[in-house]
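To start, the structure under review is shown below, and the notes come after it.
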Amino acid sequence: MMTDTAPNKAQTPAPRGDLLDVAIVGGGLAGLYALHRLRGMGISARVFEAGNGVGGTWFWNRYPGARCDIESLEYSYSFSDDLQQEWKWPERYATQPQILAYINHVAERFDLMRDVQLETRILAAEFDRSSDSWTLRTNKDEVVSAQFCIMATGNLSTPRVPDFKGLENFKGKWYHSGMWPAAGVDFSGQRVGVIGTGSSGIQMIPMIAKQAEHLFVFQRTPNFCLPAQNGPMEAEREAAYKANYPVRRQEARTSGFGVSGYPTPTQSALEVPPEERRRNYEELWQRGGSIGFLSCYNDFLVDERANDTAAEFVREKIRGIVRDPAVAEALAPKDHPIGTKRLCLDTGYYEVYNRDNVSLIDVRNAPIEEITERGVRTADGEFELDAIAFATGFDAMTGALREIDLRVKGGEALADVWEAGPRTYLGLSVAGFPNMFMVTGPGSPSVKSQMILSIEQHVDWISNFIDYARNGQISRIEADIDAQDRWVAHVNEVADSTLYPVANSWYVGANIPGKPRVFMPYVAGVGVYRQKCDEVASKGYEGFKLTGRGG
Ligand code: N01
């Protein structure tokens, strides 16, 4: 772990000529920490961010109800003890505005903004083997050169509106969860349609229902939701955490999902008497959050029979909450094992269907045929709407990278190399793309972990390499294709030993028509993964080809 570093008021390290040491693409949690870490090492680095503010996911996803599904005492940076001691989270689970305020505070506290270039989208990046450097081109036709490129472009940063016929004809207003207007939207007195019932839909639906005259929820696939049991931060809880932070953070780093307080389970759900198992699930339900369920039994995510004990518990809860039995049944997921799609955390989600102004519309059996001038037409008829909120997800994990024309001079673009799905070494690097690192790329725990912990791990690993390169006069690092092939095979083998690939989730790209079905995250756990990355580094960056200056 890096030690605490005061804001570096000293000079930004000067680039060598016009050449930056590192160009960082993306000004979210990953890009900002990378900048802080590298600058503290005397490396010249600059962040290029498309938005007009920093924050990444938490800058763009401003829909009503947006909130993190990991407790904030965990979902926060650990690199600065002063920061984690000083910052006060008002609730157990922070809202989007609270997290954005935290990120802006970090940017200010560590004096980061002077090296962040806002409203600058990187459109292309080309590596030249003769100079071992990248040339990046921005949307403003600027050209930037850097020895290394860190892609801190996020896993869920390419919002996707399905290709519905007729959207351009809609006379009302439409929005997407991932591109929500900063000024907010007032739905009072309106007939609103929400399309999509993943994490974003589930969070916005109860909020919009309170405002709208009528809310129509267009559901294709129901998801499992667990209650957050959110509430104001309890003083004792906060104090206990803060007193114990070093132990907590270390425990998280060696855990499965990157969250402390959930030891690796040793018991099978099938070994436990049904009443005891039920009591356990009930306790987890009352405690709130999803990590408890995901870590309760060792076969929860590997054995369908074990998994179904929890799935049925949640389905019963839904039947108990939703008064109309037909609606309850439509909301009860039966097509995938619980936890194999992102478990949603809700506040009042199922209860919302007891309101008179909310209707659940099944678009599995009667799909959306077109968006009309007046609303949404499904196979069952037309629903007149004043506004549509798309909560239809993202081109996850690969979308942002594939949108940039990334290539080695004279070579194939990354988008083409990944035509059949992403292939990486450790989720950090791609064979054939030297001096480029990804933060939480496909093939790393990424979205199956507490993201900030995984971001810090990757940034620290990359920064340590850059230091190693500087000291060892290394000008180029490139993943070995064989090492990459072995890593991809290992990632697949681990995934195939679980139930994850069974579900049609965005983890396998199933939400994007035509996207190759490849399970993208590494699910052996963050502790195991960290060990593997550390081993690679300690063996002189095994699996990478390093080239010295002039070599
Ligand atoms: O997106 P999703 P999301 N017709 O892809 C439906 C993170 N996140 O933005 O399942 C009709 O999960 C689609 O239906 P189906 C979190 O990691 C975190 O909600 O494909 N429906 C699905 O219901 C999360 O997993 C937080 O059948 C269509 C929905 O749209 C990830 O972001 C909050 C459709 C998309 O769900 C993505 O979540 C929010 C069509 N043509 C997000 N196309 C927290 O921290 C798609 N759908 C709490």
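For any residue, its number in the numbering used here is found by taking its place in the sequence shown, counting from 1, and adding 4. Note that CB positions come from ideal geometry on N, CA and C, so glycine has one too.
Open item on the list: Any heavy atom of the ligand N01 inside 8 Å of the beta-carbon of Arg289?
Closed with: Taking the sequence shown and counting its residues from 1, one reaches residue 289 at position 285. Contrary to the premise, residue 289 reads as Trp rather than Arg in this sequence. Distance from the C-beta of Trp289 to the nearest heavy atom of the ligand N01 is not below 8 Å.
Task: Three-way DSSP call (helix, strand, coil) for Arg346 in this model - done: Taking the first residue of the sequence shown as 1, we reach residue 346 at position 342. Arg346 falls in the coil class under three-state DSSP.
Task: Val148: first and last residue of the uninterrupted beta strand (DSSP E) it sits in - done: Sequence index remark: in the sequence shown, residue 148 carries index 144 (1-based). First-last of the beta strand (DSSP E) with Val148: 147-155.
- [ ] Rounded to whole angstroms, what's the CA-CA distance from Trp491 to Ser501? Just pull it up for me.
- [x] Working through the sequence shown from its first residue, we reach residue 491 at position 487. Working through the sequence shown from its first residue, we reach residue 501 at position 497. Cα to Cα, the separation comes out at about 15 Å.
Open item on the list: By the DSSP assignment, the alpha helix (DSSP H) with Ala247 in it spans what residues?
Closed with: If you number the sequence shown from 1, residue 247 lands on position 243. That run of the alpha helix (DSSP H) goes 239-247.
Task: For Met440, three-class secondary structure by DSSP - done: Taking the first residue of the sequence shown as position 1, residue 440 is located at position 436. Met440 falls in the strand class under three-state DSSP.
- [ ] For Gly55, I'd like the list of residues in its chain whose CB is within less than 6 Å of its CB, leaving aside the five on either flank, ordered along the chain.
- [x] For the purposes of this step, residue 55 is taken as residue 51 along the sequence shown, with counting starting at 1. Counting only Cβ-Cβ distances below 6 Å, and skipping sequence neighbours, we find Phe63.
Open item on the list: For Ala493 and Phe548, which I take to be in contact (beta-carbon distance under 8 Å), what is that distance rounded to the nearest angstrom?
Closed with: Translated into the one-based positions of the sequence shown, residue 493 becomes position 489. Translated into the one-based positions of the sequence shown, residue 548 becomes position 544. So it is not a contact: roughly 18 Å between Cβ atoms.
Open item on the list: At the level of alpha carbons, what is the spacing between Ala507 and Asp328?
Closed with: Looking up residue 507 in the sequence shown gives position 503. Looking up residue 328 in the sequence shown gives position 324. Near 27 Å, if we compare the C-alpha coordinates of Asp328 and Ala507.
Open item on the list: Can you give me the C-alpha to C-alpha distance between Tyr285 and Gly324, rounded to a whole angstrom?
Closed with: Residue numbering aside, residue 285 sits at position 281 when the sequence shown is read from its first letter. Residue numbering aside, residue 324 sits at position 320 when the sequence shown is read from its first letter. A straight-line Cα-Cα distance of about 15 Å links Tyr285 and Gly324.
Task: Supposed contact pair Ile485 and Ile47 - C-beta distance, whole angstroms, cut 8 Å - done: Taking the sequence shown and counting its residues from 1, one reaches residue 47 at position 43. Taking the sequence shown and counting its residues from 1, one reaches residue 485 at position 481. Not confirmed; about 28 Å, so no contact.
- [ ] Starting from the Cα of Gly552, find the closest Cα among Cys537, Val530, Arg474 and give me that residue.
- [x] In the sequence shown, residue 552 corresponds to position 548, counting from 1. Nearest of Cys537, Val530, Arg474 to Gly552, Cα basis: Arg474.
- [ ] Determine the closest residue to Leu122 out of Tyr79, Gly182, Gly31, with distance taken between C-alpha atoms.
- [x] If you number the sequence shown from 1, residue 122 lands on position 118. Comparing Cα-Cα distances from Leu122 to each of Tyr79, Gly182, Gly31, the minimum goes to Gly31.
Task: Neighbour-count burial assignment, Met401, 16 or more Cβ in a 10 Å radius - done: Position 397 of the sequence shown, counting from 1, holds the residue named residue 401. By the neighbour-count rule (16 or more Cβ atoms within 10 Å), Met401 is buried.
Task: Which of helix, strand or coil DSSP assigns to Val380 - done: Here the question's residue 380 lines up with position 376 in the sequence shown. Val380 carries a strand assignment under DSSP once its states are collapsed to helix, strand and coil.
Task: Bridge partner(s) assigned by DSSP for Thr142 - done: Here residue 142 refers to the residue found at position 138 when the sequence shown is read from its first residue. Ile126.
Task: Same chain, Cβ closer than 7 Å to Leu127, neighbours up to 5 away in sequence not counted - done: The residue given as residue 127 occupies position 123 in the sequence shown. The beta carbon of Leu127 lies closer than 7 Å to those of Arg141, Thr142, Asn143, Ile408, Asp409 in the same chain, with the five residues before and after it left out.
TODO: Tell me whether the beta-carbon of Pro226 lies closer than 9 Å to the beta-carbon of Thr201.
DONE: Residue mapping note: residue 226 aligns to position 222 of the sequence shown, counting from 1. Residue mapping note: residue 201 aligns to position 197 of the sequence shown, counting from 1. For the pair Pro226 and Thr201, the CB atoms are nearer than the 9 Å cut-off.
Open item on the list: Less than 8 Å separating the Cβ of Ala70 from some heavy atom of the ligand ADP?
Closed with: Ligands displayed in this structure: the ligand N01; the ligand ADP is not among them.
- [ ] Using a threshold of 9 Å, state whether the C-beta atoms of Asp73 and Cys300 are closer than that.
- [x] As a first step, residue 73 must be located in the sequence shown, where it is residue number 69. As a first step, residue 300 must be located in the sequence shown, where it is residue number 296. Against a cut-off of 9 Å, the Cβ pair of Cys300 and Asp73 comes out as no contact.
TODO: Using only alpha-carbon positions, find the residue among Met211, Ile154, Asn369, Asn515 that is nearest to Asn361.
DONE: Mapped onto the sequence shown, residue 361 falls at position 357. Asn361 has its Cα closest to that of Met211, out of Met211, Ile154, Asn369, Asn515.
Open item on the list: With three or more C-beta pairs closer than 8 Å as the rule, is the segment 404-423 touching the segment 437-452?
Closed with: Result yes; three or more Cβ-Cβ pairs closer than 8 Å.
Open item on the list: Using only the alpha-carbon positions, how far apart do Thr382 and Glu374 sit?
Closed with: For the purposes of this step, residue 382 is taken as residue 378 along the sequence shown, with counting starting at 1. For the purposes of this step, residue 374 is taken as residue 370 along the sequence shown, with counting starting at 1. Each residue's CA atom was taken as its position, placing Thr382 and Glu374 some 7 Å apart.
TODO: Can you give me the Cβ contacts of Trp184 inside the same chain, cut-off strictly under 6 Å, excluding the 5 residues immediately before and after it?
DONE: The residue given as residue 184 occupies position 180 in the sequence shown. Setting aside the 5 residues that flank it on each side, Trp184 is surrounded in the same chain by Arg66, Tyr67, each with a C-beta closer than 6 Å to its C-beta; the list follows chain order.
TODO: Check whether the Cβ atoms of Gly292 and Glu95 sit closer than 9 Å, and answer yes or no.
DONE: Here residue 292 refers to the residue found at position 288 of the sequence shown. Here residue 95 refers to the residue found at position 91 of the sequence shown. Taking 9 Å as the Cβ cut-off, Gly292 and Glu95 do not qualify as a contacting pair.
Task: Distance CB(Lys452)-CB(Val527) smaller than 9 Å - done: As a first step, residue 452 is located in the sequence shown; it is residue number 448 there, counting from the start. As a first step, residue 527 is located in the sequence shown; it is residue number 523 there, counting from the start. Yes.
TODO: State yes or no: is the C-beta of Ala435 nearer than 8 Å to some heavy atom of the ligand N01?
DONE: Stepping through the sequence shown from its first residue, residue 435 is reached at position 431. Outside the cutoff, so no.
TODO: Return helix, strand or coil for Asp486, following the three-state DSSP convention.
DONE: Locating residue 486 in the sequence shown gives position 482, counting from the first residue. Residue state, collapsed to three classes: helix.
Task: Within 9 Å, strictly: CB atoms of Gln454 and Cys537 - done: Indexing the sequence shown from 1 puts residue 454 at position 450. Indexing the sequence shown from 1 puts residue 537 at position 533. Cβ atoms of Gln454 and Cys537: not closer than 9 Å.
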